[in-house]
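Novice: Let me begin by handing over the structure; questions about it come next.
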Amino acid sequence: MLGATFLLLKYTGEKGLIGLILLMQLGLYSESTGVVEAFQAKKGSSIDKIKSYPVMKWWWFMTAMIFSGRDLIMQHTSLTGDQMNLMNFCMSAASLVGAVIQLAMLSGPGTEDLYREYLGKLACCHFSLLFLVGQSSFWIKTVQEYGLGWVLFPAFLVIVNDTMAYVFGVLMGKHKLIPKLSPKKTVEGFVGAGLSTVAIASPLVKRCIGGDIPNLGRHAIILAVYASLVSPFGGFLASAVKRAHGAKDFGALIPGHGGVVDRFDCQVVTAPFVYLYLKNFYKVES
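Its first residue numbered 95, the sequence shown is counted upward by one per residue in my numbering.
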């Protein structure tokens, strides 16, 4: 699968990566909301009887996608910033009205419980949009403003960190890191992965970015430290969500490795930091 991805990027470049990110966002939202829906369905929820709920669910998704992708939309259409703002406001207002109407449709025995279930789904949808879709949108901004390399390099850092955490955990792991959320993660794996990620950062950034860029090594180390200390907590949060809803994986897109969320839970935490760091420090020096 990685080979096919690299082949696609080789021939399509930045446009291909943006297309992949958009597809990934679709998968992130579908899987994360699906876990909650499956859990409520097992409990015998009556909310599924509201046939208009899926329409609202995906309306919220489209509203968020248009908001986060406004720059991309304006590049390929004649819409102005003010027109985009008006469109987003109208779509958000329609979402509010639709949600209240759906709440009003819930009636019968146990109505208060149904309200709680519906509001739980509503909260899940918006959390997914904020945490997964919203943060991953920074990848698009990064590739547009700084190029393909500054998306691939942090992505490789997270992959290296995740892989080395497993290796060090198997070889040396004795002390559990957060056993209640992720019992397989160890302190030794966390530390070993962090050191490995920092060690490979400088040579890796030269392959991904290239060129004679001032302080490139320092930028690489800072991103590596973030990928080692903060990004893994995206995975811990995803594990908590799965445990709370009795799910082993978010999906089955990749046999043996789960779904889209399982593969990108740490990556989405990295995306906004990379963009904001480059915006504040990299552009001034380069």
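Don't be surprised by glycine CBs; every beta carbon is placed ideally from N, CA and C.
If we ignore side chains and look at the alpha-carbon of each, how far apart do VAL354 and LEU117 end up?
Specialist: Here residue 354 is taken as the residue at index 260 of the sequence shown, counted from 1. Here residue 117 is taken as the residue at index 23 of the sequence shown, counted from 1. Taking the straight line joining both Cα atoms gives about 10 Å.
Novice: Just how far apart, CA to CA, sit ASN179 and GLY163?
Specialist: By one-based count along the sequence shown, residue 179 stands at place 85. By one-based count along the sequence shown, residue 163 stands at place 69. Taking the straight line joining both Cα atoms gives about 12 Å.
Novice: In three-state terms, what does DSSP make of GLU379?
Specialist: Taking the first residue of the sequence shown as position 1, residue 379 is located at position 285. Note that GLU379 has pLDDT 49, beneath the 50 cutoff, so the model's placement of it is unreliable and the number below is only indicative. Three-state result, GLU379: helix.
Novice: Please work out which residues of its chain come closer than 8 Å, Cβ to Cβ, to LYS300, disregarding the five sequence neighbours upstream and downstream, and give them in chain order.
Specialist: Here residue 300 refers to the residue found at position 206 when the sequence shown is read from its first residue. Taken in chain order, the residues that qualify are LEU310.
Novice: According to DSSP, is LYS279 helix, strand or coil?
Specialist: Against the sequence shown, residue 279 aligns to sequence position 185. Note: LYS279 maps to strand in three-state DSSP.
Novice: Taking the C-alpha atoms as reference points, what is the distance between VAL368 and THR236?
Specialist: On the sequence shown, position 274 is the one that residue 368 refers to. On the sequence shown, position 142 is the one that residue 236 refers to. In a straight line, the C-alpha of VAL368 is about 8 Å away from that of THR236.
Novice: For GLY353, which three-state DSSP category applies?
Specialist: On the sequence shown, residue 353 is found 259 positions in, with the first residue counted as 1. Note: GLY353 maps to coil in three-state DSSP.
Novice: For LEU39, does the three-state DSSP call read helix, strand or coil?
Specialist: For the chain, the structure presents residues 95 to 380; residue 39 sits outside this window and is missing.
Novice: Smallest Cα separation from TYR123: which of ASP356, ALA135, LEU372?
Specialist: The count along the sequence shown starts at 1 and reaches residue 123 at position 29. Cα-wise, what sits closest to TYR123 is ASP356.
Novice: According to DSSP, simplified to helix, strand and coil, what is ILE348?
Specialist: The sequence position of residue 348 within the sequence shown is 254, counting from 1. It is a strand residue.
Novice: To the nearest angstrom, report how far apart SER344 and CYS219 are at their CA atoms.
Specialist: What you label residue 344 is simply residue 250 of the sequence shown in a count that begins at 1. What you label residue 219 is simply residue 125 of the sequence shown in a count that begins at 1. One detail in the question is off: residue 344 reads as Phe in this sequence, not Ser. If you draw a straight line from the Cα of PHE344 to the Cα of CYS219, it is about 15 Å long.
Novice: Which same chain residues, not among the five before or five after ILE272, have their C-beta less than 7 Å away from its C-beta?
Specialist: Taking the sequence shown and counting its residues from 1, the one referred to as residue 272 is at position 178. Closer than 7 Å at the Cβ level, and outside the excluded window around ILE272, lie LYS279, PHE330.
Novice: My guess is that ILE112 and ILE234 are in contact by the Cβ rule of under 8 Å, so how many angstroms apart are they, rounded?
Specialist: As a first step, residue 112 is located in the sequence shown; it is residue number 18 there, counting from the start. As a first step, residue 234 is located in the sequence shown; it is residue number 140 there, counting from the start. Contact holds; Cβ gap of about 6 Å.
Novice: Expressed to the nearest angstrom, what Euclidean distance is found between the alpha-carbon atoms of PHE155 and GLY192?
Specialist: One-based indexing of the sequence shown puts residue 155 at position 61. One-based indexing of the sequence shown puts residue 192 at position 98. Going by the C-alpha atoms only, they are around 14 Å apart.
Novice: Would you check whether the ligand GTP has a heavy atom nearer than 7 Å to the C-beta of CYS302?
Specialist: For the ligand GTP, the structure offers nothing, since it holds no ligand at all.
Novice: Just tell me which of ILE303, VAL362, LYS336, LYS342 has its CA closest to the CA of TYR376.
Specialist: Residue mapping note: residue 376 aligns to position 282 of the sequence shown, counting from 1. Of ILE303, VAL362, LYS336, LYS342, the residue nearest in Cα terms is ILE303.
Novice: Since SER333 is in the alpha helix (DSSP H), which residue starts that stretch and which ends it?
Specialist: Counting from 1 along the sequence shown, the entry for residue 333 is found at position 239. Residue range 326-338 is occupied by the alpha helix (DSSP H) that includes SER333.
Novice: Where does PRO308 sit, in a helix, a strand or coil, going by DSSP?
Specialist: Position 214 of the sequence shown holds residue 308. Looking at PRO308 - three-state DSSP - the assignment turns out to be coil, as it is neither helix nor strand.
Novice: For the candidate residues ILE160, GLY243, THR106, LEU370, whose alpha-carbon lies nearest to that of GLY175?
Specialist: Walking along the sequence shown from the start, residue 175 turns up at place 81. Comparing Cα-Cα distances from GLY175 to each of ILE160, GLY243, THR106, LEU370, the minimum goes to ILE160.
Novice: For TYR240, which residues of its own chain have a beta-carbon under 6 Å away from its beta-carbon, when the five flanking residues on both sides are left out?
Specialist: On the sequence shown, position 146 is the one that residue 240 refers to. Within the same chain, TYR240 has close Cβ partners LEU372.
Novice: Closest to CYS184 by C-alpha separation, out of LEU208, GLY110, ALA158, would be which residue?
Specialist: Looking up residue 184 in the sequence shown gives position 90. Checked all of LEU208, GLY110, ALA158; the closest Cα to CYS184 is ALA158.
Novice: Does ALA287 come out as helix, strand or coil in the three-state DSSP assignment?
Specialist: In the sequence shown, the residue the question calls residue 287 occupies position 193. DSSP places ALA287 in helix when its eight states are reduced to three.
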